[in-house]
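Notes for the one structure printed next.
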């Protein structure tokens, strides 16, 4: 049996976020592996109430831990690096990244008590290569909305494949490297078997705009604004932070950073030498003494996150600072679909304070970090792969990206999470399907997405919860009456009597008449009591609650 | 004390949806009242899990039931008419509406068993007036995305005020009346004290487009599509239904309606003579025998609602019909902010089936039913009121609309829900603030938004729920050990022992050592047990659950 090269997305191919891709090389079934990115995605009340973070299910990888040669992180966005801390102890493979990304990854490992300096290795970009078993991997700089983003050139005996990571084509990115077409041409000049390519913006038909273009608009806004200006963007968008801070400085405003992520990212960027001329910042305490019209707060929470600085300022005072009538709040960001409600809540709270809220609807104050459709085509042209495999996108993005590739005369191959693609086959083809999924970080525990815990929470939230307790004495007769407690249910319904009383009366009536046999059988009894609660509740309040029955038998 | 005219929004001013406005005329404190619109808004998992519908809190009105002269419904959208059935028995005032709206309102009352033909009275438009106590009210036709929409000219001894209802300026609305500038000029010619004006689209800077403009694009799409076409839009948008059905017919496709609201709306429009030349439709059963390329399904669920026809088709077969590769799904609608997740879910499910999904991002297949900024200005110009009071919008929309009015040289007055405005004062001014809120229809019961029921559901969803039962015998000593059940919590945490066992061990240890006094005091005991559960859970799984304690004392 000859050796093969495969590609296997475990996360990111069929969703935006939670990127995690595997490449394998070797005899089928015994391949050596590398992992590209270990990202997270974020929970929401609709589907994952109470969950803290969503991680890729790495059971498949964990079972092959001894085969993993390394984990390569393309850039420091949470959906690419966010899971390294949470999953490191399950994989224990060395992590490779460029300096800034490595700095962020190390901070995440430290939170989990991992201080081994060899855990994260800093790699210089192309032409430096990391030898990882049969893989030779190079970080190819690419422009994106965070510094030191990189695509990967992955070489094996089966030839070269290229993994773009997230990217845009930006010739003037403010911070970090401009897109270098010559470099990408050089990487691709001897032929590329397959290009695994970012797909998030495939439905954006206009060419992408450069980070540089937002500077003058932001500066004008900061200059014309009368009161205090508060601006929010993703903390990791170092270029934007610089643009905002520089504009503030030119407009005669002191800059104050609010929010842990904001301070952390600026710190990392300074430590790694990426931010050399960031304006001097003032502390929140000092900011209180600065006239409003000479102040700009740079805050976390562009997605309306409830505990972030923006939400705190919308609610009231935060660290002694407060927004007032005549101030301006700028969303220098795009609202990620699904986060609209939180963002709109903040907008309206600001509006109630008399604050002028400016969002991106004008297109002046934000540009995307991802390649739009024409830029994807440009990337296809530069790399000219034998086969295009779209990644990082929902199903509709991947499908559309395949169509785009095929329209350009290229071979396109759709591979959603769990699809193992044999890249060394001629042409590349699906080899098999692996079971994949999501793991929830829930409090301090990792639980499976399908193990029912979150499903039960959703059920309680939708239906309410009734508890029934019944004590049965030594000779099998009920001791007293069944007792009910309700949570999340209306206190009374159609009979204008407390629901709990109606339930207890119905349960008591049943228990009083129940056969000895039923009373002796926990399972049967529990089922009957549950049915009565659900039926009575339906009659009284029109809802069928979740029911927990506790039968205590005196011995 | 002289008489006065007031305006009091109870819903809709500070939100999009749930419209409910009150006008009062008479001696202060003893005014006669009319109500304009009784709408609903829709629950979501974030803030109102398990709730069926959100209604305005009409406690203030209910307490003054004998003063209400009538309820005037401007048009048949759910956010204006949706609460009439649920609230009729609490107000028992006659409902006035134009024929189509009255038809819909009657259907809603019938669902609540109200069959009194006098409950809903059909009113012809301007110049006909309804005399309602001191009010003389006229329905002034206006274009919107549902037939027979009307503004109201409301006359009292204090002069005329105008309430726009929802509107757009459409000269070719396909179904229903075109915007009639001359009519609105006539209504306004003797002076208008105040204009209560729709605000939802105040941030849309381009002039609105006519319903007529989408027809040719939709027809082209229906003609060019290869397989079956499935189109969704709001069922109440009769003009769009007609456009879609007519386009289908011209493209040689039979039309099949799916979804209860869709059939109901078409029925009402036919009954009231608004739809005279709607293409003949086929039943879902007959549709199964029609070749896919000769079929168009017109379905409910444009907002991704889980139980609507669109979601059912995305999941699999629905009434024997199924989407397949090569079919086309058209969202002839806009996604309302907050509904993105549901809509995107459907898009991806369709994509997985190989269905081409077309949404409104191109702007070709949908136009808004509300007046954009330039159209609002046009309305201001036609009516030229002494004062502009923005309604129907979030706080940010109302504020911006005041700014727009003031920029146009008009007086603007911000009045959010609960703000009673004395319109007869010179100039109009805020008279007082009334407590307002929301009522939840929860199953078959109406509950208050702030009574804690839904808050408890959210807490269970976020934190999980632990039940503790403890039996204490006649002499005050625990009988057996405390018993725990968990719902919505991880099965085990850091000690790798089932959480329930760890909890029970800790509780048992406490109970074994507890003082007689504590064991005798239900309150103290419950508090201690709850604290232990929360502390142990925090240690084990990093979460502090909701806890219900049931102490049973044997007598």
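Chains as they are written, first to last, in the UniProt record's numbering: chain B, 1 to 555; chain C, 1 to 555. For every residue, glycine included, the Cβ atom is placed at its ideal position computed from N, Cα and C. The model shown is predicted, which means the values in this text are computed figures rather than measured ones.
Can you tell me which of the three DSSP states residue i falls into?
i	result
residue 136 of chain B	strand
residue 393 of chain C	strand
residue 367 of chain B	coil
residue 620 of chain C	In the structure as shown, chain C begins at 1 and stops at 555. Residue 620 of chain C is therefore absent and cannot be evaluated.
residue 355 of chain C	coil
residue 131 of chain B	strand
residue 250 of chain C	helix
residue 303 of chain C	coil
residue 510 of chain B	helix
residue 100 of chain B	helix
residue 193 of chain C	coil
residue 112 of chain C	coil
residue 401 of chain B	helix
residue 517 of chain C	helix
residue 552 of chain C	strand
residue 13 of chain C	strand
residue 95 of chain B	strand
residue 168 of chain C	strand
Run down chain C in chain order and give the residues with a C-beta less than 9 Å from the C-beta of residue i.
i	result
residue 493 of chain B	443, 444, 445
residue 45 of chain B	44, 45, 46, 47, 49, 458, 461, 462
In terms of residues, what are the limits of the alpha helix (DSSP H) holding residue i?
i	result
residue 380 of chain C	373-383
Could you work out which residues of chain B lie near residue i, taking near to mean beta carbons separated by less than 7 Å?
i	result
residue 548 of chain C	467, 485, 487
residue 352 of chain C	395
residue 542 of chain C	443, 444, 445
In chain C, which residues lie with their C-beta within 8 Å of the C-beta of residue i?
i	result
residue 337 of chain B	340, 341, 344
residue 490 of chain B	442, 443, 445, 447, 453
residue 357 of chain B	396
Please list, in chain order, the chain C residues whose beta carbon lies closer than 7 Å to that of residue i.
i	result
residue 533 of chain B	Per Cβ cutoff of 7 Å: no residues; residue 533 of chain B is ~14 Å from chain C at best.
residue 348 of chain B	394, 395, 396
Please list the terminal residues of the continuous beta strand (DSSP E) segment that includes residue i.
i	result
residue 455 of chain B	That residue, residue 455 of chain B, is in no beta strand (DSSP E); its alpha helix (DSSP H) goes 453-463.
residue 72 of chain C	68-72
residue 478 of chain C	478-487
residue 560 of chain B	The structure shown has nothing for residue 560 of chain B, since chain B only spans 1 to 555.
residue 221 of chain B	It is not in any beta strand (DSSP E) - residue 221 of chain B instead sits in the alpha helix (DSSP H) that spans 214-224.
residue 420 of chain C	419-422
residue 545 of chain B	Looking at the DSSP string, residue 545 of chain B is not in any beta strand (DSSP E), and its letter there is neither H nor E.
Chain B partners of residue i, CB-CB under 9 Å?
i	result
residue 552 of chain C	469, 471, 479, 480, 483, 552
I'd like the list of long-range same chain contacts for residue i, defined as Cβ closer than 8 Å, with 5 residues on each side in sequence excluded.
i	result
residue 119 of chain C	88, 94, 95, 106, 109
residue 526 of chain B	549, 551
Cutting at 6 Å between CB atoms, please list the residues of its own chain near residue i, excluding the five before and the five after it.
i	result
residue 339 of chain C	303, 304
residue 82 of chain C	39, 40
residue 572 of chain B	The shown model of chain B, from 1 to 555, leaves out residue 572 of chain B, and the question about it has no answer.
residue 300 of chain B	235, 259, 261, 262, 308, 309
residue 97 of chain B	73, 105
residue 292 of chain C	227, 228
Below 7 Å CB to CB, which residues in the same chain sit around residue i once its five sequence neighbours on both sides are set aside?
i	result
residue 22 of chain B	8, 10, 33, 35, 61
residue 487 of chain C	464, 465
residue 281 of chain C	255, 256, 257
Problem set entry | Cβ-based contacts, 7 Å cut-off: residues of the region 375-400 of chain B near chain C | 394, 395, 396, 399
Exercise. Quick one, which residues of the region 288-300 of chain B are near chain C if we go by CB-CB under 9 Å, in chain order?
Worked result: none
For this session: Return the residues of the region 254-269 of chain B that lie within a Cβ-Cβ distance of less than 9 Å from chain C, sorted by chain order.
Result: none
Exercise. Taking any Cβ of chain B, which residues in the region 191-209 of chain C have a Cβ under 8 Å from it, in chain order?
Worked result: 203
Problem set entry | Near-chain B residues of the region 494-510 of chain C - C-beta to any C-beta below 8 Å | 494
Exercise. Which residues, in order along the region 361-375 of chain C, keep a beta-carbon less than 8 Å from a beta-carbon of chain B?
Worked result: 361
Exercise. According to a CB-to-CB cut-off of less than 7 Å, which residues of the region 109-120 of chain B neighbour chain C?
Worked result: none
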